[in-house]
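Residue numbers (the working numbering): 18 to 172.
Don't be surprised by glycine CBs; every beta carbon is placed ideally from N, CA and C.
The structure presented is a predicted model; accordingly, all values stated were derived computationally and were not measured.
Inspection log for the structure reproduced underneath, given as structure tokens.
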Amino acid sequence: MNSHTTISPQEAADRVAIRALVDAYAHCADRRDAKGQLSLFTPDTHFLVYMDATTAEPTQDLHGRDALVPVFDNLNTYAATTHFNGQSTIALDGDRATGESYCLAHHLSLDDAGGRTLMIAAIRYLDQFVKRNGEWLFAERRLMVDWTETRSSTP
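What follows is the structure, given as structure tokens:
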């Protein structure tokens with residue numbers, strides 16, 4: 018991680034824009050705005066899911082924006098979700114950047130008898146960003162699940 022005592026206004030703007038992109042992803046997920054979520058990715062994006070971050074092989078390896086539709090649609094199986102974004106790091110290189118961001122994802126399920134289950138996932142996103150036409154987008158996103166906890170939840 019780089020230590021900055023001063024940064025240029027352009028670097029500051031890029032860092033804020035990338036953080037806004039990361040936050041928009043979580044917001045769209047929780048609002049079930051799949052179109053909005055898809056718009057955050059390049060058309061030729063690469064999206065990998067590692068349900069166990071300690072394994073070398075991804076659980077899912079998706080290519081292209083259209084391949085993301087089922088991933089985002091899967092969120093509809095939950096009664097509600099809340100994604101809390103935490104710390105993040107960004108390394109800028111012109112119109113490209115890499116980053117790592119942390120998220121605690123809460124997924125609430127309801128069963129037919131009215132029971133509630135809460136699954137919490139500790140996620141790290143390893144991202145590659147690209148700036149196109151002045152807008153930062155995800156070029157590659159690796160969703161790394163570090164751990165999960167599932168428990169009953171009372172209303």
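Under a Cβ-count criterion, where at least 16 other Cβ atoms within 10 Å of its own Cβ denotes burial, should Q27 be classed as buried or exposed?
What you label residue 27 is simply residue 10 of the sequence shown in a count that begins at 1. Answer is exposed; the Cβ neighbour count stays below 16.
First and last residue of the uninterrupted beta strand (DSSP E) at L160
As a position in the sequence shown, residue 160 is number 143, starting the count at 1. From DSSP, the beta strand (DSSP E) with L160 extends over 152 to 169.
What's the C-alpha gap between Q54 and N102?
Counted from its first residue, the sequence shown places residue 54 at position 37. Counted from its first residue, the sequence shown places residue 102 at position 85. The alpha-carbon atoms of Q54 and N102 are separated by roughly 16 angstroms.
Nearest by alpha-carbon distance to D31: which of G116, T171, L135, H124 is it?
As a position in the sequence shown, residue 31 is number 14, starting the count at 1. It is G116.
Can you list the alpha helix (DSSP H) stretches of 4 or more residues lying completely in the stretch 83 to 133, in chain order?
86 to 90
On the CB-based measure, 16 or more other CB atoms within 10 Å of its CB, does A73 come out buried or exposed?
In the sequence shown, residue 73 corresponds to position 56, counting from 1. Exposed, since its Cβ has fewer than 16 Cβ neighbours within 10 Å.
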